[in-house]
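Residue numbering for the sequence shown follows my numbering, starting at -10 and increasing by one per position. Using N, Cα and C, we set each Cβ at its ideal position, and we do this for glycine too. Input: a single structure, listed below in structure tokens.
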Amino acid sequence: MRIGLEHSFTNYVKEKYCNELFEALQDFIIDQLDNLELRLNVVEEIDEINLSDIEIKQIS
């Protein structure tokens, strides 16, 4: 795929599906909290988790 087409497709997905991807990721994180194997250096236990932002950098 040419660089320009790849960049255009990435921008299309960002504009068209960013909210849907964010919601799907948020639901996944909440549903899979116990299975995520997060490293806890200072925090003893995670009671709640929320996604605050996502950035779509590249789609291949």
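| Asked | Found |
| --- | --- |
| Whether ILE45 touches VAL2 by CB criterion (8 Å) | yes |
| Secondary structure of ASP36, DSSP reduced to three states | coil |
| Three-state class that DSSP yields for GLN47 in the structure shown | coil |
| Under the three-state DSSP convention, the category GLN21 falls into | coil |
| Beta-carbon separation (whole angstroms), ILE43 vs PHE(-2), contact threshold 8 Å | Actually they are not in contact, since the Cβ atoms of ILE43 and PHE(-2) sit about 17 Å apart, beyond 8 Å. |
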